[in-house]
Structure formats: C-alpha cells, structure tokens
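Working notes, beginning with the structure itself.
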Amino acid sequence: MGYAPNGGKTQPSPQIKISGKWLEALGFTSGQPVTVTTERGRMVIEADITL
1 MGYAPNGGKT
11 QPSPQIKISG
21 KWLEALGFTS
31 GQPVTVTTER
41 GRMVIEADIT
51 L
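Residue 10 in UniProt numbering sits at position 10 of the sequence shown; the count goes up by one each step and never skips.
Okay, structure coming up:
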C-alpha cells in the first residue's frame, strides 16, 4: 500500500500497484477490464472475460 503522487496536496490518495508475469498466468492481460469488489476488509479483483 502506498500513496499516489498528488502534486503536494494534503490528502494523498492510497494506491496499490500489482505487476508481474504471474498475472497473465491467472488470466489477466494488459489493458483488460477488471471488476473489483470489496467486503469486510477484503478486495477481490476479477478479470472480465468475454465468452
């Protein structure tokens, strides 16, 4: 967990950056839409796959 660059504003936005070849093995590709859901301190990121 980190903070996005904010040009000196007092309240930076939190950000999470995830990268690596292992994402492709899980079905994620660059530029692919994803769905993010949250529940009780948990975040789930799912690749949007069209059949």
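Don't be surprised by glycine CBs; every beta carbon is placed ideally from N, CA and C.
In this structure, the beta-carbon distance from V44 to T38 falls below 9 Å. Non-local beta-carbon contacts of D48 in its own chain, meaning distances under 7 Å to residues more than five positions away in sequence, involve Q32, P33, V34, T35 in chain order. Following the DSSP letters along the chain, one finds R40 in no beta strand (DSSP E), marked with neither H nor E. Taking C-beta separations shorter than 7 Å and ignoring five residues to either side along the sequence, E24 has no partners in its chain.
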